[in-house]
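Asker: Structure in structure tokens, see below.
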Amino acid sequence: MILSFDTPSVEGGPPAERSAESSGRLFRLGESSEREGLWVRWGWALVAAAVVHVGGVAVGLALPARAQKAPVEEEPELVFLSFAPPPPAPGGPSRPASAERASRQARPRMSRPVMAPRALVPPAPKPEVVEPTPPEETPAAPEPTSEPEASAEAASTDTSAPSVPGGVAGGVAGGTQGGIVGAPGGMGEAVGLGQVLRPPSVLKQLTPEYPRRARVDGVQGLVLVRIIVGTDGEVETEHTRIIRSIPMLDAAAIAAVNRWRFSPAIGRHGKAVRVILELPVQFSLK
């Protein structure tokens with residue numbers, strides 16, 4: 170920068186001195202102007218720095234304070250204490266108490282066995298003593314009477330007893346119509362199962378035909394039939410009787426039973442005899 174100032178001339182001096190003096194003043198004026206510009210610049214810089222610092226302090230005060238750190242709890246200090254063992258008892262060395270405690274703890278404890286409660290068992294019942302039943306005494310078979318005695322008894326019976334309508338000569342007094350001559354009830358010399366050595370066995374058995382009317386009406390049940398099996402094993406149809414009756418089923422039961430076949434029964438003397446049987450005949454719609 171070049172500054173030009175008008176300087177007054179010095180009167181009464183030589184021109185060389187005046188020019189030198191004027192140039193010296195010129196340089197001094199330039200130096201003073203540079204100093205003033207430097208102070209101006211530094212002044213503005215200081216002002217700007219002060220403003221920046223003041224603003225930073227204001228911002229720092231305006232911001233919330235940082236959260237205080239949580240206080241750290243101090244851990245308790247562990248102090249280990251060791252106790253001296255007690256002095257040994259007089260009379261010999263003894264084991265320290267700590268060793269005894271350790272040995273006691275090391276010993277396994279024996280657990281007592283727990284007994285399970287016993288179940289109450291009822292006493293066994295005493296066996297009942299069954300007295301053997303004596304064998305039944307079967308009545309002895311009547312001995313056959315001789316023909317003269319039988320004819321005499323028949324004659325006396327005919328003269329003493331009143332006649333029955335439909336009876337026959339030689340019948341028993343009080344007998345029913347249709348019986349066998351010489352036996353009450355039309356059974357003749359037929360015996361029961363208890364009077365034979367071997368009862369008859371069924372060789373042929375026929376199933377009765379269900380009556381149509383009884384099937385439609387839903388009639389069913391048990392019919393009991395009494396028969397006489399002859400010495401040849403066949404049923405004596407003329408002596409077949411109904412013991413338990415179902416009227417709609419009786420005829421079918423009799424027709425079936427009369428066609429059964431048996432093995433002859435053996436009497437006490439080892440011979441075939443006539444035997445009386447009662448046969449149940451079941452009628453069922455199932």
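Residue 455, in our numbering, is where the sequence shown stops; the numbers in between run on with no holes. C-beta: ideal position from N, C-alpha, C; glycine also. Values in this document were obtained by computation on a predicted structure and should not be read as measured data.
1) Relative to the alpha-carbon of S414, which residue among P254, L448, V398 has its alpha-carbon at the smallest distance?
2) Is the separation between the beta-carbon of L362 and that of P368 shorter than 9 Å?
3) With 9 Å as the threshold, decide whether the Cβ of L250 is near any Cβ in chain B.
4) Considering Cα atoms alone, identify which of G206, P245, A219, A359 is closest to V442.
5) What does the alpha-carbon distance come out to for the pair V444 and A434?
6) With DSSP run on the structure shown, which of helix, strand or coil describes A219?
7) Grouping DSSP H, G and I as helix and E and B as strand, with all else coil, what is V394?
8) What does the Cβ neighbour count give for L418, buried or exposed, with the cut at 16 atoms within 10 Å?
9) Taking only runs that begin and end inside the region 356 to 436, name each unbroken beta strand (DSSP E) of 3 or more residues, in chain order.
10) Taking the beta strand (DSSP E) that V444 falls in, what are its first and last residues?
11) Taking the straight line between their C-alpha atoms, what separation do you get for W213 and V228?
12) If you count every other CB in all the chains shown that lies within 10 Å of the CB of F252, and 16 or more means buried, which is it?
13) Taking G399 as the reference, which of E407, L393, V392 has the closest Cα?
14) In the DSSP output, what is A441 paired with across the bridge?
15) Going by C-alpha to C-alpha distance, which of F249, V223, A231, V365 sits closest to G439?
16) Measure the beta-carbon distance from P431 to V392 and round it to whole angstroms, keeping in mind my assumption that it falls under 8 Å.
17) Classify L247 as helix, strand or coil using the three-state DSSP reduction.
18) Using a threshold of 9 Å, state whether the C-beta atoms of I396 and V426 are closer than that.
19) Return helix, strand or coil for A231, following the three-state DSSP convention.
20) Measure the C-alpha to C-alpha separation of L454 and V388 and round it to an integer number of angstroms.
Answerer: The answer reads as follows:
1) L448
2) yes
3) The structure shown has no chain B; it contains just one protein chain.
4) A359
5) 7 Å
6) helix
7) strand
8) buried
9) 371 to 373, 390 to 398, 410 to 413
10) 444 to 452
11) 23 Å
12) exposed
13) E407
14) I435
15) V365
16) It should be pointed out that residue 431 corresponds to Phe in this sequence rather than to Pro. Contact flag wrong, Cβ pair sits at about 19 Å.
17) coil
18) yes
19) helix
20) 8 Å
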